[in-house]
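Protein chains in written order, with the working numbering: chain D, 83 to 196; chain R, 309 to 420. Have a look at the structure below, then the notes.
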Amino acid sequence: GGIITQTPKFLIGQEGQKLTLKCQQNFNHDTMYWYRQDSGKGLRLIYYSITENDLQKGDLSEGYDASREKKSSFSLTVTSAQKNEMAVFLCASSTRLGSQNTLYFGAGTRLSVL
Amino acid sequence: QQKVQQSPESLIVPEGGMASLNCTSSDRNVDYFWWYRQHSGKSPKMLMSIFSNGEKEEGRFTVHLNKASLHTSLHIRDSQPSDSALYLCAASRNNYAQGLTFGLGTRVSVFP
Numbered sequence: 083g084g085i086i087t088q089t090p091k092f093l094i095g096q097e098g099q100k101l102t103l104k105c106q107q108n109f110n111h112d113t114m115y116w117y118r119q120d121s122g123k124g125l126r127l128i129y130y131s132i133t134e135n136d137l138q139k140g141d142l143s144e145g146y147d148a149s150r151e152k153k154s155s156f157s158l159t160v161t162s163a164q165k166n167e168m169a170v171f172l173c174a175s176s177t178r179l180g181s182q183n184t185l186y187f188g189a190g191t192r193l194s195v196l
Numbered sequence: 309q310q311k312v313q314q315s316p317e318s319l320i321v322p323e324g325g326m327a328s329l330n331c332t333s334s335d336r337n338v339d340y341f342w343w344y345r346q347h348s349g350k351s352p353k354m355l356m357s358i359f360s361n362g363e364k365e366e367g368r369f370t371v372h373l374n375k376a377s378l379h380t381s382l383h384i385r386d387s388q389p390s391d392s393a394l395y396l397c398a399a400s401r402n403n404y405a406q407g408l409t410f411g412l413g414t415r416v417s418v419f420p
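Here you go:
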């Protein structure tokens, strides 16, 4: 088995601030993802990466940057936090074995912007 | 427009009852369907997947898939309070890493 570790668990920011969320996985998975979840609703894909140094935009990439400098880690930056924004950011990883690949999720980073 | 539509939005089921959840994709290029379960305050975990037409059963959970209509359903029999959660349907295309497109979810509440 493996684990996905997201830091921090809680993040409180100020409007306009640049905020960075980190994710580490020890599954040795090639592919990693960042999803955003609002208020107990479905997940929207922000960025994904199929290998080290690769970045692909998802449906919600505007306002975010990402970085995959190592196979095991994937970070997400909120370039300018929006006032009253509240969401959970979920990191996930999967193997590269075709499309029949289960996503494994981390516990999430809960963001609140004052 | 949501590419993966789930219904109903919420469902209240008595303990021991049957819960039936529906999911349809509007993307005709999808090949695979997944059901994830997310308990309150936790991360989603894969519950079941189905890739070909027909039915698949695992314990109290059964999924159906009709690829022609891009419709899948999840049925939970003998529902337990521990089944209370957000159930997320997801679909993926036949390429190896685009990830999953999720629906908004169905919130299931099982009362004793």
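In this text, a Cβ means the ideal position worked out from N, Cα and C, and glycines have one as well.
If you count every other CB in all the chains shown that lies within 10 Å of the CB of residue 111 of chain D, and 16 or more means buried, which is it? The count along the first sequence starts at 1 and reaches residue 111 of chain D at position 29. When all chains shown are included, residue 111 of chain D counts as buried.
To the nearest angstrom, how far is the alpha carbon of residue 126 of chain D from that of residue 386 of chain R? For the purposes of this step, residue 126 of chain D is taken as the residue at position 44 of the first sequence. For the purposes of this step, residue 386 of chain R is taken as the residue at position 78 of the second sequence. For residue 126 of chain D and residue 386 of chain R, the distance between alpha carbons rounds to 32 Å.
Assuming the contact rule is C-beta atoms closer than 8 Å, residue 351 of chain R and residue 188 of chain D should be a hit. Round their C-beta distance to whole Å, please. The residue given as residue 351 of chain R occupies position 43 in the second sequence. The residue given as residue 188 of chain D occupies position 106 in the first sequence. With 8 Å as the limit, residue 351 of chain R and residue 188 of chain D qualify as a contact, their Cβ atoms being about 6 Å apart.
Please name the residue, chosen from D:165, D:159, D:139, D:176, that lies closest to residue 191 of chain D on a Cα-to-Cα basis. In the first sequence, counting from the first residue as 1, residue 191 of chain D sits at position 109. With distances taken between Cα atoms, residue 191 of chain D lies closest to D:159.
Please work out which residues of its chain come closer than 6 Å, Cβ to Cβ, to residue 326 of chain R, disregarding the five sequence neighbours upstream and downstream, and give them in chain order. The residue given as residue 326 of chain R occupies position 18 in the second sequence. Excluding sequence neighbours, residue 326 of chain R sits near 385.
Paired residues, beta bridge with residue 333 of chain R - DSSP: Taking the second sequence and counting its residues from 1, one reaches residue 333 of chain R at position 25. Beta-bridge pairing links residue 333 of chain R to R:312.
So which residues on chain D does residue 351 of chain R lean against when the C-beta distance must stay under 8 Å? Within the second sequence, residue 351 of chain R is the residue found at index 43, counting from 1. Result: 172, 187, 188, 189, 190.
For chain D, is any of its Cβ atoms less than 7 Å away from the one on residue 326 of chain R? If you number the second sequence from 1, residue 326 of chain R lands on position 18. With 7 Å as the cut-off, residue 326 of chain R does not count as an interface residue toward chain D.
Partners in chain D for residue 412 of chain R, counting only beta-carbon separations shorter than 8 Å: For the purposes of this step, residue 412 of chain R is taken as the residue at position 104 of the second sequence. Ordered by position in chain D, the residues that pass the 8 Å Cβ test against residue 412 of chain R are 123, 124.
Give me the chain A residues within the contact set of residue 146 of chain D, using Cβ-Cβ distance strictly less than 7 Å, ordered along the chain. The question asks about chain A, but that chain is absent: this structure's protein chains are D and R.
Beta-carbon separation (whole angstroms), residue 394 of chain R vs residue 310 of chain R, contact threshold 8 Å: On the second sequence, residue 394 of chain R is found 86 positions in, with the first residue counted as 1. On the second sequence, residue 310 of chain R is found 2 positions in, with the first residue counted as 1. Contact between residue 394 of chain R and residue 310 of chain R does not hold, since their C-beta atoms are separated by about 15 Å, which reaches or exceeds 8 Å.
For the putative contact between residue 137 of chain D and residue 146 of chain D, defined by C-beta atoms under 8 Å, what is the C-beta separation to the nearest angstrom? For the purposes of this step, residue 137 of chain D is taken as the residue at position 55 of the first sequence. For the purposes of this step, residue 146 of chain D is taken as the residue at position 64 of the first sequence. Between residue 137 of chain D and residue 146 of chain D a beta carbon distance of about 11 Å is seen, past the 8 Å cut, so the two are scored as non-contacting.
Could you name the residues that DSSP lists as bridge partners for residue 152 of chain D? Numbered from its first residue, the first sequence carries residue 152 of chain D at position 70. According to DSSP, which records beta bridges pairwise, residue 152 of chain D is partnered with D:155.
Residue-chain proximity (residue 356 of chain R, chain D), Cβ-Cβ < 7 Å: Position 48 of the second sequence, counted from the first residue, corresponds to residue 356 of chain R. No - not a single Cβ of chain D is within 7 Å of the one on residue 356 of chain R.
What are the residues that DSSP puts in a beta bridge with residue 366 of chain R? Position 58 of the second sequence, counting from 1, holds the residue named residue 366 of chain R. Assignment of beta-bridge partners to residue 366 of chain R by DSSP yields R:369.
Could you pull out every residue in the same chain whose Cβ sits closer than 6 Å to the Cβ of residue 338 of chain R, ignoring the five residues on either side in sequence? Taking the first residue of the second sequence as position 1, residue 338 of chain R is located at position 30. These residues qualify, in order along the chain: 399, 401.
Is there a C-beta anywhere in chain R that falls below 7 Å from the one on residue 129 of chain D? Translated into positions along the first sequence, residue 129 of chain D becomes position 47. Not an interface residue.
Whole angstroms is fine: what's the gap from residue 99 of chain D's alpha carbon to residue 164 of chain D's? Along the first sequence, one-based indexing puts residue 99 of chain D at 17. Along the first sequence, one-based indexing puts residue 164 of chain D at 82. So the alpha carbons of these two residues sit roughly 8 Å apart.
Taking any Cβ of chain R, which residues in the region 89–102 of chain D have a Cβ under 7 Å from it, in chain order? none
Closest by C-alpha distance to residue 161 of chain D, when choosing among D:140, D:155, D:172, D:96: On the first sequence, position 79 is the one that residue 161 of chain D refers to. Answer by Cα proximity: D:96.
Report yes or no: do three or more beta-carbon pairs, one from the region 100–120 of chain D and one from the region 165–176 of chain D, lie closer than 8 Å? yes
Going by DSSP in three states, residue 147 of chain D sits in which element: helix, strand or coil? Reading the first sequence from its first residue, position 65 is the one you call residue 147 of chain D. Here residue 147 of chain D sits in strand by DSSP.
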